[in-house]
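The structure under discussion appears below in the form of C-alpha cells.
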Amino acid sequence: MILSDNNNNLVLMKNISKSFFGNKVNTNVDFTLEKGEIHALLGENGAGKTTLMNMLTGVYFPDEGDIYFKGDKLNFNFPGEALKIGIGMVHQRFSLVGNLTVLENLILGHPDNKYVINIPEKKKLIKTYMDQFNFQVDLDAIVGELPIGVRQKVEILKMLVREVDVLIVDEPTTVLTKQEADNLMEILKSIAKTGKGIIFITHKMSEVFNIADKITVLRKGLKIATVDKNDTNPRKLAKMMVGKESEITFERPKVETKPSVIKIQNLFVNSDKGVLAVNNLSFDLAGGEIIGIAGVSGNGQVELADALTGNRDVIRGKIFFKGDDISNDSPVKRIDKGVSYVPGDRIRVGVAGNQSVWENIIMKVYRLPKFKKGVLLDNKKLKEYAEKIIEKYNIFLPSINLPALLLSGGNLQKLIIGREMERDCDLYVFVYPTRGLDVGATEFVRNAILQLRNQGKAVILISGDFDEIFGLSDRIAVMYEGNFTGIFNNGDHSLEEIGLMMSGCTEEEAVKEMSSGSEDKKGKEVTDV
Amino acid sequence: MFKIKLEQKERVSKREELIITLSAIGIAFVLSGIFIALNGVNPFVALWKVITSALGTPYGISETLVKAIPLIFTGLAVAIALNSKLWNIGAEGQLFFGATLATAFIIYGPVLPKPLELTVLIILGAIGGALWAAIPALLKIKFKMNEVISTLLLNYVAINITDYFLFGPWKGKDNFPYTPEFPVEAKFDRIGFGRVHTGLFIALVLVVLLYILIYHTKTGYKLRLTGSSLKAAKYAGINIKKMMFMVFLMSGALAGLAGVSLVSGVEYKLHQQISTGYGYTGIIVAWLARTNPFIIVIFAIFLSILLKGADSLQIAMRLPAAVGVVMQALILFAILGSELFKNYNIKLIRGK
Chain P
320 MILSDNNNNL
330 VLMKNISKSF
340 FGNKVNTNVD
350 FTLEKGEIHA
360 LLGENGAGKT
370 TLMNMLTGVY
380 FPDEGDIYFK
390 GDKLNFNFPG
400 EALKIGIGMV
410 HQRFSLVGNL
420 TVLENLILGH
430 PDNKYVINIP
440 EKKKLIKTYM
450 DQFNFQVDLD
460 AIVGELPIGV
470 RQKVEILKML
480 VREVDVLIVD
490 EPTTVLTKQE
500 ADNLMEILKS
510 IAKTGKGIIF
520 ITHKMSEVFN
530 IADKITVLRK
540 GLKIATVDKN
550 DTNPRKLAKM
560 MVGKESEITF
570 ERPKVETKPS
580 VIKIQNLFVN
590 SDKGVLAVNN
600 LSFDLAGGEI
610 IGIAGVSGNG
620 QVELADALTG
630 NRDVIRGKIF
640 FKGDDISNDS
650 PVKRIDKGVS
660 YVPGDRIRVG
670 VAGNQSVWEN
680 IIMKVYRLPK
690 FKKGVLLDNK
700 KLKEYAEKII
710 EKYNIFLPSI
720 NLPALLLSGG
730 NLQKLIIGRE
740 MERDCDLYVF
750 VYPTRGLDVG
760 ATEFVRNAIL
770 QLRNQGKAVI
780 LISGDFDEIF
790 GLSDRIAVMY
800 EGNFTGIFNN
810 GDHSLEEIGL
820 MMSGCTEEEA
830 VKEMSSGSED
840 KKGKEVTDV
Chain E
5 MFKIKLEQKE
15 RVSKREELII
25 TLSAIGIAFV
35 LSGIFIALNG
45 VNPFVALWKV
55 ITSALGTPYG
65 ISETLVKAIP
75 LIFTGLAVAI
85 ALNSKLWNIG
95 AEGQLFFGAT
105 LATAFIIYGP
115 VLPKPLELTV
125 LIILGAIGGA
135 LWAAIPALLK
145 IKFKMNEVIS
155 TLLLNYVAIN
165 ITDYFLFGPW
175 KGKDNFPYTP
185 EFPVEAKFDR
195 IGFGRVHTGL
205 FIALVLVVLL
215 YILIYHTKTG
225 YKLRLTGSSL
235 KAAKYAGINI
245 KKMMFMVFLM
255 SGALAGLAGV
265 SLVSGVEYKL
275 HQQISTGYGY
285 TGIIVAWLAR
295 TNPFIIVIFA
305 IFLSILLKGA
315 DSLQIAMRLP
325 AAVGVVMQAL
335 ILFAILGSEL
345 FKNYNIKLIR
355 GK
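Chains as they are written, first to last, in the numbering used here: chain P, 320 to 848; chain E, 5 to 356.
Laid out in C-alpha cells, this is it:
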C-alpha cells in the first residue's frame, strides 16, 4: 500500500483535485514521498505535474483533497510558508538575483538574518554544505556571470541552506548539457542519502531510470500509477505516459498531392533560453498531406512551428514555401503568402485575450482594402465578417464584444481555426490543437484538420495526443531533442515503438527493443488505490 | 485570529471596477484628511475650501480649467502609450523640451502672422516632445532598456536643458531666468473666461481625434493588440518595434503640446516653473481614466480641482505647499493598491 501511514512519510497528498477556468488540471491525485527517496514525477507537459507541486508549495490551493507534511495537515496562506517549514522547489525559471554574488543570493531572505549578518560564519556554514554533498561553487562570483549549470547548483544550495526536508526540482536538466545533468543527478542522489526527500519532475525516460527510486506517472491530470523503478521498464512507462491506442478512426480519402508545399533544410532554431531547440532538421511536405509530429513537449516542436510561421528567428538553414525561400520573411509576409498558424498557446498567442471576440477574428484580415473606409477601418463590415465566421463555425457566445479570454477553450479554438480556415492558406501549422478541449470541440477541430487536407492543403500537426496523430496523419515524425528520431508512414510503427522513439531511441532501436522484450514477467505495477 | 487568503480572480466586471476605483479615491481622501488634520486644520473645512475655491466662483472655475488643459494633453500622452502597455513617465521632460523648442522659434525665428505663427509653434512643440520621447523609444527597441527608468531620468535632462537656455542665452534683461514676454502673435487667444485660452479647444479636438485613432483605425487596432499581448500582436503580423516607436513619438508629441499650451497659452514666456508636475499628474489622469480619451477629460478636471484647491489651502489655511502633492500621491497609491482587489479575491478566514 502506498497510502499507509508510516513514519517515513514526508509528504502525503490525498485525493487532490484542481481546476483552472473550468478545466480540470488534477483529478483525485494521490502522492506520497518518503524520507531519503527520490521520486520521479513523469508525464507530458500539461499532465499536471507542476500544478500538483505548486499545491504542495502553497502557490495554489487544491479545490479538493488534503496535503500532509510530516503528519501535519498543511494550510498555507501564502507561498513563502512552504519554504519556512521545509518544502523547497527549484523552478524551471530560476529565482536568483543576477547582480548579486552567490553568497548574497544564498543568504537573501534567510529567516536567520538579523540586523547584522556575520558573513564569514555564513560562508563557513555554506562550505560545510558544499563539502557534504561534494560540489563547489565560488561564493563570491556574480550569479549573472555564471553558466546555467552552476546557477542551478546555487538554487539547490539555496534550498540546502534553508534546510528543506523536501526538495522539488522541476525539469532541472532541460537547460543543462549532458555532463552538467549527470553531475546534478549525482548531487541529488547524495542529498537524498541524508534522508531528505526529492521530487524530480521530468519527462525524460533516461533520467528516470538513472535517478528515481519510485516513479509516479501522470497523464491528463490523472495519476496513472506509482511504481518502483525495479518493477518497471522504459516500455511500460512510455505506455503509461502516452495511454492506449484508440479505436477511433477517421476517413482519410486519397487525395491528389501537390509536391513540396513546404520544404525545410538543415534548420536550426533557438529556444527562448538561447539553447538550440531545433537541431539540423530537414523534411518536406506535400499539399494534401498531414504530417503528425509526435514527441514529449519541450523537444523543439513549438520552436519549429514558430520558426515556420515567422514568430521565431531561424539561426541557420532554409525554409522553402512553394519554392520561395521564406526563411527570413516577417510574420506578416508569410501571412500574406498563405502560411497559417494555430498556436498551442491559444490564450496568449492565438488571441489577444483582453480584446473583444470580433477584434480577434479580424486579426489577419483587417489590413485588406475591402475593410477600409477612407482612412478609417470599416468597423461595421469587420463586425459582419466576424459574425459570419461565428455562425459558420458554430462559436457559442453571448456577444461579439466579449473579451476573448472569457471564451471556453473549445469556443476559443473554434474562433482561431475559423479565422484561419476562412483565409484559405496553403500551409497550416497546428500546435496541440485539441489540448484541454472537450469531446465535441475536439471532434470539430479534427474534422477541420482533415477537411483542410482533403482540400489539398499541407498540414503540420504537432500533437501530444496519439488518437490524433494516428487518426489524422499521413506520415508521422517523432521529435526528440530538436530532431526527428523517426519519420515514417502512419501504420509503420506501433504506439510502443513511438513511445520509445519519444524517449530518444532511433527507429531501429525501438523496433529491436520491442521484439526483444515482448513478454515481460517483471514485478507488478502498483496502481492507484 | 483571522488570516487573509488571496486567490486570483478570473475577471472583474465594469461595475466592480468602478466601485473599486471610487473607493480607492475615497480612501485617498480619508488619508489626506488625516494628513491635513495632523497639520492642525479641520479636514472637512479644508475639503469645503478645496471645492469652493475650485468651483465656487467663476474665477475659480476658470483657473481650474486653465490647469485642466495641460493635464488633458499629458493625460492623453500617457494614455496612448499605456494602450500599448508602455509607461511614459517622461511626459514632464517632453513637455519642457517641446516648450523649449517652440520658444526657440519665438526667440530666433521671424514673427509670422498669428495663425501661421501659432501653427508653427504647435508643430514645433509636438516635434520637440516627440524627439525627446524618441530617445527612450530607441533605447527600448535597440537595447531593451526599461522605458520607465529612461523616460523618468530624461525628465531631469530636459529640464536642465531648459535651464541652460534660461540661465544662458535667453536670460531676461533683469538677469532673472525667464525669457522676454512673447509677442502677441505667439499668444493663444483667451476665450473670454478668465485665463482660459483656445488651447482648450485643441485639447478637446485631440480627445476626439485620439478616440477615433484608437478605436477606428488600423493603427489604433494594432496599438491595442500590441498592448493586449505582444505575442499575439507578433503572431498577427504586427511589427511590434515599429509600433512601439510610433506610440512613443505620438505620446511625446502630445506631451510637447502641453508645453506649448503652457508657454503660449498661460505664461507667455518660458521659465522654470511653467509646469508644476503636469507630466506626472498626467500619469494619474491616464490611469484613472483607464486610457479612455473622453474619461481623461473628466479626470483631468478632477485633478485640476485638487491642484487649484491645494493652492488655496496653502494661501488661506497656511497648509504646506506639499499638501497638493501628498493628495495626488495618496490617490495614486490607493489606485495602485486597489489593483489587488481587481486581480484577487480576498477572503478572511478564521485561523487557529
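We put the beta carbon where it would ideally sit given N, CA and C, even for glycine. Note that the structure is predicted; figures quoted are calculated from it, not measured.
Open item on the list: To the nearest angstrom, how far is the alpha carbon of Met320/P from that of Asp349/P?
Closed with: Walking along the first sequence from the start, residue 320/P turns up at place 1. Walking along the first sequence from the start, residue 349/P turns up at place 30. Here the model assigns Met320/P a pLDDT of 37, short of 50, so the residue's position is not dependable and the matter cannot be decided.
Task: Nearest-angstrom Cβ-Cβ length linking Thr285/E and Leu75/E, presumed shorter than 8 Å - done: If you number the second sequence from 1, residue 285/E lands on position 281. If you number the second sequence from 1, residue 75/E lands on position 71. At roughly 6 Å, the Cβ-Cβ gap stays under 8 Å, so Thr285/E and Leu75/E are in contact.
Open item on the list: If the criterion is Cβ atoms closer than 8 Å, does the pair Met478/P and Gly614/P meet it?
Closed with: To locate residue 478/P, count along the first sequence from 1; it is residue 159. To locate residue 614/P, count along the first sequence from 1; it is residue 295. Taking a C-beta distance under 8 Å as the contact criterion, Met478/P and Gly614/P do not qualify as a contact pair.
Open item on the list: Once DSSP output is grouped into helix, strand and coil, what is the label at Phe454/P?
Closed with: Walking along the first sequence from the start, residue 454/P turns up at place 135. Phe454/P falls in the coil class under three-state DSSP.
- [ ] Could you check the C-alpha separation between Val301/E and Ala259/E for me, to the nearest Å?
- [x] Start at 1 with the first residue of the second sequence, and residue 301/E comes out as number 297. Start at 1 with the first residue of the second sequence, and residue 259/E comes out as number 255. Rounded to whole angstroms, Val301/E to Ala259/E spans 15 Å at the Cα level.
Task: For Val330/P and Lys9/E, the rounded distance between their alpha carbons - done: Stepping through the second sequence from its first residue, residue 9/E is reached at position 5. Stepping through the first sequence from its first residue, residue 330/P is reached at position 11. Whole-angstrom Cα-Cα distance: 23 Å.
Open item on the list: Using 8 Å as the threshold, is the C-beta distance between Ser616/P and Glu363/P below it?
Closed with: On the first sequence, position 297 is the one that residue 616/P refers to. On the first sequence, position 44 is the one that residue 363/P refers to. Yes, the pair counts as a contact, with Cβ atoms nearer than the cut-off.
TODO: Would you check whether the ligand SAM has a heavy atom nearer than 7 Å to the C-beta of Thr68/E?
DONE: No copy of the ligand SAM appears in this structure; indeed no ligand is present at all.
Open item on the list: Taking its Cβ as the centre, do 16 or more other Cβ atoms sit within 10 Å of Val597/P, making it buried, or is it exposed?
Closed with: Residue mapping note: residue 597/P aligns to position 278 of the first sequence, counting from 1. Classification of Val597/P: buried, given that the 10 Å Cβ count is 16 or more.
TODO: Give the DSSP bridge partners of Gly407/P, in chain order.
DONE: For this step, residue 407/P is matched to residue 88 along the first sequence. Beta-bridge pairing links Gly407/P to Leu486/P.
Task: Close Cβ partners of Lys226/E (< 6 Å) along its chain, the five nearest in sequence each way excluded - done: Stepping through the second sequence from its first residue, residue 226/E is reached at position 222. Answer for Lys226/E: Ile242 and Met247, listed in chain order.
Task: Own chain partners of Phe454/P with C-beta closer than 7 Å, once the 5 adjacent residues on each side are dropped - done: Taking the first residue of the first sequence as position 1, residue 454/P is located at position 135. Take Phe454/P, set aside five residues on each side of it, and the residues of its chain with a beta-carbon closer than 7 Å to its own are Lys472 and Ile506, in chain order.
Task: His201/E - containing alpha helix (DSSP H), residue span - done: Locating residue 201/E in the second sequence gives position 197, counting from the first residue. It is not in any alpha helix (DSSP H) - His201/E carries neither H nor E in the DSSP assignment.
Task: Closest Cα partner of Thr87/E within the set Ile55/E, Glu151/E and Gly231/E - done: Numbered from its first residue, the second sequence carries residue 87/E at position 83. Per the sequence presented here, residue 87/E reads as Asn, with Thr not at that position. Comparing Cα-Cα distances from Asn87/E to each of Ile55/E, Glu151/E and Gly231/E, the minimum goes to Gly231/E.
Open item on the list: For the pair the region 264–276 of chain E and the region 195–205 of chain E, tell me if three or more CB-CB distances fall below 8 Å.
Closed with: In this structure the region 264–276 of chain E touches the region 195–205 of chain E; the number of beta carbon pairs closer than 8 Å is three or more.
Open item on the list: Below 8 Å on C-beta distance, what does Ser17/E contact in chain P?
Closed with: Against the second sequence, residue 17/E aligns to sequence position 13. Ordered by position in chain P, no residue passes the 8 Å Cβ test against Ser17/E, which lies about 11 Å from the chain.
TODO: Evaluate the contact criterion for the region 737–751 of chain P versus the region 544–551 of chain P: three or more CB pairs, one atom per stretch, below 8 Å.
DONE: Because the criterion of three Cβ pairs below 8 Å is not met, the region 737–751 of chain P and the region 544–551 of chain P do not touch.
Task: Residues of the region 203–220 of chain E whose Cβ lies closer than 9 Å to any Cβ of chain P, in chain order - done: So the list reads Ile216, Tyr219 and His220, given in the order they occur along the chain.
Open item on the list: Quick check: what's the CA-CA separation for Leu322/P versus Leu344/E?
Closed with: Taking the first residue of the first sequence as 1, we reach residue 322/P at position 3. Taking the first residue of the second sequence as 1, we reach residue 344/E at position 340. Because the pLDDT at Leu322/P is just 45, under 50, the model does not fix this residue reliably, and the value given afterwards should be weighed accordingly. One C-alpha to the other measures close to 39 Å.
Open item on the list: 8 Å is my cut-off, CB to CB: does Arg686/P come that close to chain E?
Closed with: As a working note, residue 686/P is residue 367 in the first sequence. Any Cβ of chain E closer than 8 Å to the Cβ of Arg686/P would place that residue at the interface, and such an atom is present.
Task: Euclidean distance between Cα positions of Val34/E and Asp591/P - done: Within the second sequence, the letter at position 30 stands for residue 34/E. Within the first sequence, the letter at position 272 stands for residue 591/P. Their Cα atoms are separated by approximately 47 Å.
Open item on the list: For a contact defined as C-beta to C-beta under 8 Å, what are the partners of Leu229/E on chain P?
Closed with: Mapped onto the second sequence, residue 229/E falls at position 225. By Cβ distance, chain P contributes Ala671, Gln674, Glu678 and Met682.
Task: Helix, strand or coil at Gly842/P according to DSSP, with G and I counted as helix - done: Counted from its first residue, the first sequence places residue 842/P at position 523. Residue placement at Gly842/P is flagged as unreliable, the pLDDT there being 36, under the threshold of 50; the coordinate-derived value follows with that caveat. Collapsing the DSSP output to three states places Gly842/P in coil.
- [ ] Give me the Cβ distance between Ala207/E and Leu99/E, rounded to the nearest whole Å; I'm assuming they're in contact under 8 Å.
- [x] To locate residue 207/E, count along the second sequence from 1; it is residue 203. To locate residue 99/E, count along the second sequence from 1; it is residue 95. About 13 Å; that fails the 8 Å criterion.
Task: chain E residues whose Cβ lies nearer than 7 Å to that of Pro572/P - done: Reading the first sequence from its first residue, position 253 is the one you call residue 572/P. Correct list: empty, because the minimum Cβ distance to chain E is about 32 Å.
Open item on the list: I'd like to know if Leu22/E contacts chain P, where contact means its C-beta is closer than 8 Å to some C-beta of that chain.
Closed with: Position 18 of the second sequence, counting from 1, holds the residue named residue 22/E. So, not an interface residue.
Task: Min CB distance Ser154/E to chain P below 8 Å - done: Against the second sequence, residue 154/E aligns to sequence position 150. It does not: the Cβ of Ser154/E has no partner Cβ on chain P nearer than 8 Å.
TODO: Could you tell me if Gly64/E is buried or exposed, where buried requires 16 or more neighbouring beta carbons within 10 angstroms of its beta carbon?
DONE: Taking the first residue of the second sequence as 1, we reach residue 64/E at position 60. The residue is buried, with at least 16 neighbouring Cβ atoms inside 10 Å.
Open item on the list: Between the region 315–335 of chain E and the region 37–48 of chain E, can you find at least three pairs of beta-carbon atoms closer than 8 Å?
Closed with: Yes, they touch.
Task: Given 8 Å, three or more beta-carbon pairs between the region 720–727 of chain P and the region 622–641 of chain P - done: Flag = no, the region 720–727 of chain P and the region 622–641 of chain P do not touch.
- [ ] Grab the span of the alpha helix (DSSP H) containing Arg19/E for me, first residue to last.
- [x] In the second sequence, the residue the question calls residue 19/E occupies position 15. Taken as a continuous stretch (DSSP letters only), the alpha helix (DSSP H) holding Arg19/E covers Lys18 to Leu42.
Open item on the list: Is Asn802/P close to chain E? Criterion is C-beta to C-beta, closer than 8 Å.
Closed with: Along the first sequence, read from residue 1 onward, the residue named residue 802/P stands at position 483. For Asn802/P, the answer is no, since every Cβ of chain E falls outside 8 Å of its Cβ.
Open item on the list: If the criterion is Cβ atoms closer than 8 Å, does the pair Val483/P and Gly405/P meet it?
Closed with: For this step, residue 483/P is matched to residue 164 along the first sequence. For this step, residue 405/P is matched to residue 86 along the first sequence. Yes, Cβ-Cβ distance for Val483/P and Gly405/P is below 8 Å.
Open item on the list: Let me check understanding here. Comparing Cα to Cα, which of Asn589/P, Gly790/P and Tyr712/P lies closest to Ile609/P?
Closed with: Here residue 609/P corresponds to residue number 290 of the first sequence, with the count starting at 1. Of Asn589/P, Gly790/P and Tyr712/P, the smallest CA-CA separation from Ile609/P is found for Gly790/P.
- [ ] Please work out which residues of its chain come closer than 7 Å, Cβ to Cβ, to Glu474/P, disregarding the five sequence neighbours upstream and downstream, and give them in chain order.
- [x] Working through the first sequence from its first residue, we reach residue 474/P at position 155. Answer for Glu474/P: Val409, Phe413 and Leu415, listed in chain order.
Task: Close beta carbons around Ile781/P, own chain, < 7 Å, minus the five adjacent residues each side - done: Taking the first residue of the first sequence as 1, we reach residue 781/P at position 462. Only residues of its own chain outside the window of five on either side were considered, and among them Ile612, Gln620, Ala624, Phe749, Val750 and Tyr751 have a CB closer than 7 Å to the CB of Ile781/P, listed in chain order.
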